[in-house]
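Here's the structure we're looking at; comments come further down.
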Amino acid sequence: MKIWKEGEASSTLCPNCERRRAVVFQRRTVELKDPDISIPDVLAAVCSECDTIALIPAQSTPRLGMAVKQATVTLNARIPGHLEDVLLLLAKTLASTSPPSAPAVLRFLLSEFVSNPLVAKRVKERAGDELVNGRADHELSVRIPALLLIEMDEAAAKVGIPSRTAVVKGLLALAKEDILDGRDEVLGNTMRRVLAAVT
Amino acid sequence: MGFGDARAGLVEALRDEEFGAWGRADAHRKNWLESRRISAEEVRAMLLRCNGREHRESAHHGDASFLVHEFFPEWNGERWYVKAFFDTATSVWVFMSVHPSEGR
Numbered sequence: 001m002k003i004w005k006e007g008e009a010s011s012t013l014c015p016n017c018e019r020r021r022a023v024v025f026q027r028r029t030v031e032l033k034d035p036d037i038s039i040p041d042v043l044a045a046v047c048s049e050c051d052t053i054a055l056i057p058a059q060s061t062p063r064l065g066m067a068v069k070q071a072t073v074t075l076n077a078r079i080p081g082h083l084e085d086v087l088l089l090l091a092k093t094l095a096s097t098s099p100p101s102a103p104a105v106l107r108f109l110l111s112e113f114v115s116n117p118l119v120a121k122r123v124k125e126r127a128g129d130e131l132v133n134g135r136a137d138h139e140l141s142v143r144i145p146a147l148l149l150i151e152m153d154e155a156a157a158k159v160g161i162p163s164r165t166a167v168v169k170g171l172l173a174l175a176k177e178d179i180l181d182g183r184d185e186v187l188g189n190t191m192r193r194v195l196a197a198v199t
Numbered sequence: 200m201g202f203g204d205a206r207a208g209l210v211e212a213l214r215d216e217e218f219g220a221w222g223r224a225d226a227h228r229k230n231w232l233e234s235r236r237i238s239a240e241e242v243r244a245m246l247l248r249c250n251g252r253e254h255r256e257s258a259h260h261g262d263a264s265f266l267v268h269e270f271f272p273e274w275n276g277e278r279w280y281v282k283a284f285f286d287t288a289t290s291v292w293v294f295m296s297v298h299p300s301e302g303r
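Chains as they are written, first to last, in the numbering used here: chain A, 1 to 199; chain B, 200 to 303.
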């Protein structure tokens, strides 16, 4: 395996110039966008013409991958007050000795959404529910892993849910039905077990 | 370089961890290998399942001296998209995209 060192020079196809350009390997901060993740100290081949990162060698990808896995971002959604009530009720209902926080409940629900296509499909079907309607005047703001946000966007696109807010609203409506109304004991029990382990 | 040579080169590069990834700001969405959302071994396995009908090649639109290879393998019940070119100066295969397909 070739290991590149800082200061080595070569040339490659620059994604910005779209031409072969001279490059020099340098340690740079890689800036990923949407969600924004800043990864310092990455060895990369930098275009001598436009200063863009042209190439990331394989040796730098574990550093990049680790940073992506560890990054957290804020998920914002404006929802009706009664759906925020559902979230708080879920946290209270699932409490054993120490109640899980509302953000932990939402993170669990999002994990189910991204890992279970059936849940994603059912969330999509909730779009027409009476429960998801109402004045969206409550700002929900939750820190979640950046990768979970990306996977949430990917799962939503797959089933045709148009926005992150629609995912959150649909998920809360589904959780109300399955957990608060007791229609899916397995989900409720799984959630209790997972939240007991993480909170 | 046709399908067979391109695939063999990529498979070897992945086995030896001797590849590059194109600098792109959306690597966490569009280059799962660069952001290590998928392992080199998994990409290698999906390319080995690929046949010639799931491949096409064309000159890069900006610099025709680069031949860009696109693969459309099926992996775990899903169609994937892998795009790469061989860079003669650095002597590495450079992955431009590795992600589940959004079309085709």
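Just so you know, even glycine gets a beta-carbon here, dropped at the ideal spot from N, CA and C.
Asked, Found
"Glutamine 26 of chain A lies in the beta strand (DSSP E); which residues open and close that run?", "20-32"
"Taking leucine 247 of chain B as the reference, which of B:Phe294, B:Ala288 and B:Gly203 has the closest Cα?", "B:Gly203"
"For tryptophan 221 of chain B, go through chain A and note every residue whose CB falls closer than 7 Å to its CB, in chain order.", "Pro15 and Leu55"
"In chain B, what lies closer than 9 Å to serine 111 of chain A by C-beta?", "Under the 9 Å cutoff, chain B gives no residues; its nearest Cβ is about 16 Å from serine 111 of chain A."
"Which residues in the same chain have their Cβ closer than 6 Å to the Cβ of aspartate 129 of chain A, if we skip the five residues on either side of it in sequence?", "Ala173"
"Check lysine 201 of chain A in the structure and name its three-state DSSP category.", "Outside the shown range of chain A (1 to 199) lies residue 201 of chain A, about which nothing can therefore be said."
"Can you list, in chain order, the residues of its chain with a C-beta nearer than 8 Å to that of phenylalanine 284 of chain B? Leave out the 5 residues immediately preceding and following it.", "His259, Phe265, Leu266, Val267, His268, Trp292, Val293 and Met295"
"Going by DSSP, what residue range makes up the alpha helix (DSSP H) through lysine 121 of chain A?", "117-125"
"Taking the C-alpha atoms as reference points, what is the distance between arginine 303 of chain B and lysine 158 of chain A?", "Any reading at arginine 303 of chain B must be qualified, since the residue scores a pLDDT of 46, below 50, and its modelled position is unreliable; no value is offered."
"Contact between the segment 47-58 of chain A and the segment 156-170 of chain A: three or more CB pairs below 8 Å?", "no"
"Rank A:Ser10, A:Ile39, A:Lys176 and A:Val123 by C-alpha distance to the C-alpha of glutamate 49 of chain A and give the top, closest one.", "A:Ser10"
"Near threonine 61 of chain A, what residues of its chain come up, given a Cβ to Cβ distance below 8 Å and the 5 sequence neighbours on each side ignored?", "none"
"Which value, in whole angstroms, describes the spacing of the CA atoms of arginine 183 of chain A and alanine 175 of chain A?", "9 Å"
"Excluding the 5 residues preceding and the 5 following leucine 180 of chain A in the sequence, name in chain order all residues of the same chain whose CB lies nearer than 8 Å to its CB.", "Val86, Leu89, Leu90 and Thr93"
"What alpha helix (DSSP H) runs, 4 residues minimum, are completely inside the segment 123-197 of chain A?", "146-159 and 164-175"
"So, with DSSP's three-state summary, where would you put lysine 229 of chain B?", "helix"
"Give the single residue among B:Gly208, B:Ile237, B:Ala263 and B:Thr289 whose Cα lies nearest to the Cα of tryptophan 274 of chain B.", "B:Ile237"
"In terms of alpha-carbon separation, which member of A:Gln59, A:Leu83, A:Val24 and A:Ile37 lies closest to arginine 126 of chain A?", "A:Leu83"
"By the criterion of Cβ-Cβ separation under 7 Å, what are the contact partners of glutamate 216 of chain B in chain A?", "Met1 and Ala58"
"List the endpoints of the continuous alpha helix (DSSP H) containing threonine 61 of chain A.", "61-70"
"To the nearest whole angstrom, what separates the beta carbons of valine 73 of chain A and leucine 149 of chain A, a pair I think is in contact under 8 Å?", "5 Å"
"Name the DSSP beta bridge partners of glutamate 256 of chain B, please?", "B:His268"
"What number of angstroms, rounded off, separates the C-alpha of asparagine 133 of chain A from the C-alpha of glycine 81 of chain A?", "10 Å"
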